[in-house]
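K.L.:
In our numbering, the protein residues as written are 2 to 274.
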Ligand code: AMP
Ligand code: MG
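1) Please find out if some non-hydrogen atom of the ligand MG comes closer than 6 angstroms to the beta-carbon of residue 73.
2) Does the beta-carbon of residue 17 have 16 or more other beta-carbons within 10 angstroms, so that it is buried, or is it exposed?
3) Going by DSSP in three states, residue 226 sits in which element: helix, strand or coil?
4) DSSP three-state label for residue 135, please.
5) Check whether the segment 220-235 and the segment 169-179 touch, using three or more Cβ-Cβ pairs below 8 angstroms as the test.
6) Below 7 angstroms CB to CB, which residues in the same chain sit around residue 180 once its five sequence neighbours on both sides are set aside?
7) Could you tell me the distance, in whole angstroms, from the CA atom of residue 6 to the CA atom of residue 242?
8) Here's the rule I'm using: 16 or more other beta-carbon atoms within 10 Å means buried, otherwise exposed. How should residue 129 be labelled?
9) For residue 248, count the other beta carbons within 10 Å of its own beta carbon; 16 or more makes it buried, fewer makes it exposed. Which is it?
10) Any residues whose CB sits closer than 7 angstroms to a heavy atom of the ligand MG? List them in chain order?
11) Would you mind giving the Cβ-Cβ distance between residue 110 and residue 89, rounded to the nearest angstrom? I have them listed as a contact below 8 angstroms.
12) Starting from residue 49 and walking both ways along the alpha helix (DSSP H), at which residues does that stretch end?
13) Is the CB-CB distance between residue 62 and residue 166 below 7 angstroms?
14) With a threshold of 6 angstroms, establish whether the CB of residue 202 neighbours any heavy atom of the ligand AMP.
15) Between residue 121 and residue 87, what straight-line distance do the alpha-carbon atoms span, to the nearest angstrom?
16) Using only the alpha-carbon positions, how far apart do residue 103 and residue 262 sit?
17) Using only the alpha-carbon positions, how far apart do residue 124 and residue 65 sit?
18) Straight-line CA distance for residue 141 to residue 28?
19) In chain order, what are the residue ranges of uninterrupted alpha helix (DSSP H) at least 4 long that sit wholly in the segment 88-153?
20) From residue 270 to residue 258, what does the alpha carbon distance come to, in whole angstroms?
21) Would you kindly check if the distance between the Cβ of residue 163 and the Cβ of residue 59 is under 7 angstroms?
22) Which residue from 216, 72, 93 and 46 puts its Cα closest to that of residue 85?
23) Rounded to the nearest angstrom, how far is the Cβ of residue 79 from that of residue 245, given a contact under 8 angstroms?
24) For residue 72, which residues in the same chain have their Cβ closer than 7 angstroms to its Cβ, ignoring the five residues on either side in sequence?
25) Give me the residue from 199, 214, 42 and 198 with the minimum Cα distance to residue 77.
Below, the structure is given as structure tokens:
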């Protein structure tokens, strides 16, 4: 089975995250992983170029993780090399009063990708069944309805020509501790620290349960979740790049027919000195 498929959650799976690996190199060593990552990125840049020219379909990549799970680094390494004209990244933090005055998808829908574009979500509408559920920010009767609403929303996007790939960067509790300690020690990482990092760590088990439900109930044929072992950075980048590359290959973008007849264009060009 290709690496890109190994971590996909089949629709209807009940996900218990304790059963999913966080540290898994699948027989690939670091130098091999780094070589394959470069190859994947090169292939992705060609595919993205064609997707941009084609302008018929779009790709949405949803990234979720516990704090220090490597979302920012994944965006830099895997999506950074693409042509920025056709890539958008949107990070969803705490909703503003303006956003809270609307339904939970209002702020999300404004950032779904236009045809030809790749859109990356750094956090997403899933926060509305994760932090919102764990911290009791709305009643159970409200969040429990959201799984079905999310599936319908994603089906709407899919029907409009958006390929959706959802990736959960699965980190162990111990690795999170190491990463947070590193954040405290290193001056260039310290700015990322937030009190929320501690409070969400303190509720680790509740988060794992909420994630398990979200990943299981919202992994569909048209918008599958992937659970990517993320304790080792090079392993995480390899697997994410494999998943995104495979999605772009399945989309199979094609250059459009040119708007002018080739011979006619050559003739016209020659006519004008
Ligand atoms: P960061 O991604 O580290 O910049 O942090 C963003 C913070 O915003 C995280 O603590 C998220 O859990 C929080 N957040 C994102 N979406 C929501 C939401 N819908 N409701 C409440 N908090 C959210
Ligand atoms: Mg943070």
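Virtual Cβ for every residue (Gly too), placed ideally from N, Cα, C.
Every value quoted in this text rests on a predicted model; they were computed, and no experiment measured them.
P.N.:
On the basis of the supplied data:
1) Residue 73 Cβ: outside cutoff for every heavy atom of the ligand MG.
2) So residue 17 ends up on the exposed side.
3) The answer is strand: DSSP assigns residue 226 an E or B state.
4) Secondary structure at residue 135: helix, using DSSP grouped into helix, strand and coil.
5) They touch, by the three-pair rule.
6) Around residue 180, the same chain offers 69 as residues with beta carbons nearer than 7 angstroms, after the five sequence neighbours per side are excluded.
7) Going from the Cα of residue 6 to the Cα of residue 242 covers about 12 angstroms.
8) Around the CB of residue 129, 16 or more other CB atoms lie within 10 Å, so the residue is classed as buried.
9) Sixteen is the threshold: when 16 or more other Cβ atoms of the shown chains lie within 10 Å of the Cβ of residue 248, as they do, the residue is buried.
10) Counting every residue whose Cβ lies closer than 7 angstroms to a heavy atom of the ligand MG, we get 68, 193, 195, 197 and 198.
11) For a cut-off of 8 angstroms, the C-beta gap from residue 110 to residue 89 is around 14 angstroms, too long to register as a contact.
12) Counting along the chain, the alpha helix (DSSP H) containing residue 49 begins and ends at 31-55.
13) Yes; because the gap between Cβ atoms is below 7 angstroms, this pair is in contact.
14) Not so, every heavy atom of the ligand AMP lies at least 6 angstroms from the Cβ.
15) Straight through space, the alpha carbons of residue 87 and residue 121 are spaced by roughly 11 angstroms.
16) When rounded, the distance between both Cα atoms is 49 angstroms.
17) Approximately 5 angstroms, taken between the alpha carbons.
18) Residue 141 and residue 28: Cα-Cα distance of roughly 43 angstroms.
19) Counting whole runs of 4 or more residues, the segment 88-153 contains the alpha helix (DSSP H) stretches 98-101, 107-110, 132-135 and 141-144.
20) Straight-line Cα distance between these residues: approximately 19 angstroms.
21) Against a cut-off of 7 angstroms, the Cβ pair of residue 163 and residue 59 comes out as a contact.
22) Among 216, 72, 93 and 46, the Cα nearest to that of residue 85 belongs to 46.
23) So it is a contact: roughly 6 angstroms between Cβ atoms.
24) Cβ within range, chain order: 64, 66, 123 and 170.
25) The residue with the shortest Cα to Cα distance from residue 77 is 42.
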